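*Asks:* Numbering (this note's numbering), first residue to last: 135 to 298.
Idealized CB from N, CA, C, for every residue including glycine.
Predicted, not measured: the structure shown is a model, and the values here were computed from it.
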Amino acid sequence: MNKINLEQLYKYQKDLDDEIANIHHVDYSSTHKKRLLALLVEIGELANETRCFKYWSNKGPSPKERIMDEYADGLHFFLSLGIPLKTTKFEYELNKNSEDLTDQFHKLYSLITILQTNYNLHNYIKAFSYFLNLAYSLDMTSNDIVDSYLVKLNVNHKRQETNY
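(1) Quick test of the definition: if touching needs 3 or more C-beta pairs under 8 angstroms, does the region 276-292 touch the region 238-257?
(2) Indicate whether S191 and R185 have their beta-carbon atoms separated by less than 8 angstroms.
(3) I believe L255 touches T221 by the beta-carbon criterion, under 8 angstroms. Please report the beta-carbon distance rounded to the nearest angstrom.
(4) Could you spell out where the beta strand (DSSP E) holding N139 opens and where it closes?
(5) DSSP three-state label for L272, please.
(6) Just to confirm my understanding: we take E179, look at its own chain, exclude 5 residues before and 5 after, and list those with CB closer than 6 angstroms. What are they?
(7) With distances taken from CA atoms, which of I279, K223, A181 and K230 is nearest N257?
(8) In whole angstroms, what is the alpha-carbon distance linking P197 and Q294?
(9) So what's Y298 in DSSP terms, helix, strand or just coil?
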């Protein structure tokens, strides 16, 4: 069993979101739909790097570091979407999913669509838990998840400093 505690990551994400809000004069309400779309795009980019759906190609998945980078992008948006819901669930158990990776991406898209339609804490935790478990299927540990998030967090802060 592999556990992860995300309390500190939520704090880091809130700081980044506040920085972006101050620079770009936005808030959670005005960017809600864009955050959801960004999450879907990032999940698609992650799926693309795994190449799990590319039945027409013999090329394998991208290197683990690239997959971790794309996973971190999705994690940023999931955390950001949890902040306005005032989530207090910070600890999750990561469990291996026996489903095919392509099926897992389909299910994740479905859960995010449900969240989009009915944005509440229950649907958020359900989609986010599924996303966290996807990491296990990508051979990522809880340490990999946190480490990749922190690397991307640093990149995102630097991007704000340089008018990205």
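*Replies:* Working from what's here:
(1) no
(2) yes
(3) 6 angstroms
(4) N136 to N139
(5) coil
(6) E204
(7) K223
(8) 27 angstroms
(9) coil
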